[in-house]
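These protein sequences, in sequence, are chains A and B.
Residue numbering for the first sequence follows full-length UniProt numbering, starting at 1 and increasing by one per position.
Residue numbering for the second sequence follows full-length UniProt numbering, starting at 1 and increasing by one per position.
No residue lacks a Cβ here, since even glycine has one placed at the ideal position from N, Cα and C.
The structure under discussion appears below in the form of structure tokens.
Number of protein chains: 2
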Amino acid sequence: MEVVERKQRTREQTRAGILQTAKDIARREGWQSVSIRKIADAIEYSAPVVYDYFDSKDILLDEIRNDGFRYLRDEYERLVRLYRDPEKLLYEISLIQWQFAMQQPEMYQVMYNQNGANCLAPIEESAEIKSVNEIVCRIIFTFIPKSAESIRRLYFEWWATSHGLISLSALLRHQQPLEASEQIYRETMRRFVRGLK
Amino acid sequence: MEVVERKQRTREQTRAGILQTAKDIARREGWQSVSIRKIADAIEYSAPVVYDYFDSKDILLDEIRNDGFRYLRDEYERLVRLYRDPEKLLYEISLIQWQFAMQQPEMYQVMYNQNGANCLAPIEESAEIKSVNEIVCRIIFTFIPKSAESIRRLYFEWWATSHGLISLSALLRHQQPLEASEQIYRETMRRFVRGLK
DNA sequence: ATTTTTAGTTAACGGCGTTAATATGCCTGA
DNA sequence: TCAGGCATATTAACGCCGTTAACTAAAAAT
């Protein structure tokens, strides 16, 4: 039956439309203004149809969060194939992190529950974040083969450095232009990566 | 008139009660469950009385945020009088930052709009945060007297390092015990401060 | 042709921030 | 002393919110 396939396709499109609309509203008005009713209005449906696709608003947010981590994972894997030198590789991954946060701030916000985005689903149990963790940990390991404990610690420090600079850059973007923050980010991350060996 | 003073005193108490109740609920149930009606219930009043003390929920949150930065400023000033060595001083200030974030997580959350706390009042125009900035910048300057631009940059890096580690420690607290994170925090901040000279 | 399933709606519940209208008691001036 | 005004607090209401139940109309299956 072709009709079944077509239905599944439009269903997939509606689902994607819901996710995209949520992100659009969040970008324009902030996550605090994202409501099920507004999403439904934008896709020209009534509110309850959203629940045919997502059991709750929280699950919708969780999906967006996981999309974000999936995007990062895919980009990281792409870079792994692109760069042989682990120092260069980890630096490029750092830059992707910055790029992602600046180009899709509403995704970064929901991934870290910032600025009105509040996803109650536990972030630590997300399979997507775990696979991101694994990739970066493996890169650090090929860089400096130490104990798993040491690797985890270095990863934690790398992640915290990146996340701290990104969050603070966004917070202070009206005092300190993003170009200036980006330069500091690049230099700091380069220094961090250099310091690993 | 003594009666006027007494009234002002009880008014001050009610005001403080509102702020404390908001923080209590936030600590127990998270900022997403803090509502004007719940606060009013807890202090045994009806909801509209809260508006005799705070023009809006946002202003209430802004007040809590500024209380947080005032607390930090006072603690920093205390430490300035306590330690002569700027290296030791900046390290101790870093430790206060950690202590504060762990002992009053709900305040730290509203200060940085994390985890359901969403204060729309612009953080960059807060007088309290500016005075905190000044204090730490002055300390760094007595440490290494460079241009104002360099100082601002070093301050930015110090702040981002601290904030990144604190935020990520909270995020991953179920995977990595806070004691482990605290040790990494101490060592990282010590290394940062050492690296300044 | 009739029944069943699907796709979508409207209506409703309890809770939210916020404001207007209303009640209650206290102080003051005639 | 008591009428009137002010301070204090309440209830009621508005338009949102997330979410669920009840309902309708069209399509599909029998």
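By the Cβ criterion, the stretch 107-115 of chain A is in contact with the stretch 62-70 of chain A, since at least three pairs of Cβ atoms, one from each stretch, lie closer than 8 Å.
Shown here, residue 104 (chain B) sits in coil according to DSSP, grouped into three states, outside any helix or strand. The residue among B:195, B:153, B:193 and B:179 with its C-alpha nearest the C-alpha of residue 176 (chain A) is B:153. With a threshold of 16 other beta carbon atoms within 10 Å, residue 174 (chain B) falls short and is exposed. In the DSSP assignment, residue 119 (chain A) falls outside any alpha helix (DSSP H) and carries neither an H nor an E. Secondary structure note for residue 54 (chain A): it is in no alpha helix (DSSP H), with a DSSP letter that is neither H nor E. Here the alpha carbon of residue 6 (chain A) sits roughly 16 Å from the alpha carbon of residue 17 (chain A).
Against chain A, the CB of residue 113 (chain B) has a partner CB under 7 Å away; the residue lies at that interface.
For residue 60 (chain A), no chain B residue has a C-beta closer than 8 Å to its own C-beta; the minimum C-beta separation is roughly 15 Å. Within the stretch 79-107 of chain A, no residue has its Cβ closer than 7 Å to any Cβ of chain B. Per DSSP, the unbroken alpha helix (DSSP H) holding residue 41 (chain A) starts and ends at 36-42. Across the set B:37, B:136, B:123 and B:165, the C-alpha of B:136 shows the shortest separation from the C-alpha of residue 80 (chain B). Under the three-state reduction of DSSP, residue 48 (chain B) is assigned to helix. Between residue 168 (chain A) and the set A:155, A:182, A:19 and A:28, the nearest pair of CA atoms involves A:182. A direct Cα-Cα distance of roughly 35 Å separates residue 132 (chain A) from residue 150 (chain B). Between residue 58 (chain A) and residue 120 (chain A), the alpha-carbon positions lie close to 7 Å from each other.
The contact set of residue 118 (chain B) on chain A, defined by CB atoms closer than 7 Å, consists of 32, 115 and 116 in chain order. Residue 100 (chain B) and residue 44 (chain A) have their C-alpha atoms roughly 47 Å apart. Excluding its 5 nearest sequence neighbours in each direction, residue 23 (chain B) has C-beta neighbours in its own chain below 6 Å: 106, listed in chain order. Per DSSP, the unbroken alpha helix (DSSP H) holding residue 195 (chain A) starts and ends at 178-196.
With distances taken between CA atoms, residue 71 (chain A) lies nearest to A:108 out of A:108, A:82 and A:11. Around residue 141 (chain A), the same chain offers 151 as residues with beta carbons nearer than 8 Å, after the five sequence neighbours per side are excluded. Here the C-alpha atom of residue 180 (chain A) lies approximately 45 Å from the C-alpha atom of residue 14 (chain B).
Judged by beta-carbon spacing, residue 83 (chain B) lies beyond the 7 Å limit of residue 193 (chain B), meaning their Cβ atoms are not closer than that value. Taken through DSSP and simplified to helix, strand or coil, residue 91 (chain A) comes out as helix. Taken through DSSP and simplified to helix, strand or coil, residue 175 (chain A) comes out as coil. Boundaries for residue 84 (chain A): no alpha helix (DSSP H) harbours it, and the DSSP string shows neither H nor E there. Taking a Cβ-Cβ cut-off of 7 Å, the neighbours of residue 153 (chain A) in chain B comprise 184, given in sequence order. Within the stretch 162-177 of chain A, the residues whose Cβ lies closer than 9 Å to any Cβ of chain B are, in chain order, 162, 163, 164, 165, 166, 167, 168, 169, 171, 172, 173, 174, 175 and 176. Between residue 42 (chain A) and residue 50 (chain A) the beta-carbon gap is near 11 Å, outside 8 Å, which marks them as no contact.
Contact with chain A is absent for residue 127 (chain B), since none of that chain's Cβ atoms lies less than 7 Å from the residue's Cβ. The criterion of a C-beta distance shorter than 7 Å is not satisfied by residue 69 (chain B) and residue 139 (chain B). Judged by DSSP in its simplified three-state form, residue 146 (chain B) adopts coil rather than helix or strand. By the neighbour-count criterion, in which 16 or more other beta carbons inside 10 Å mark a residue as buried, residue 56 (chain B) falls on the exposed side. Not a single CB atom of chain B sits nearer than 7 Å to the CB of residue 149 (chain A). Put simply, the CB of residue 5 (chain A) is far from chain B, with every gap to its CB atoms at 7 Å or more.
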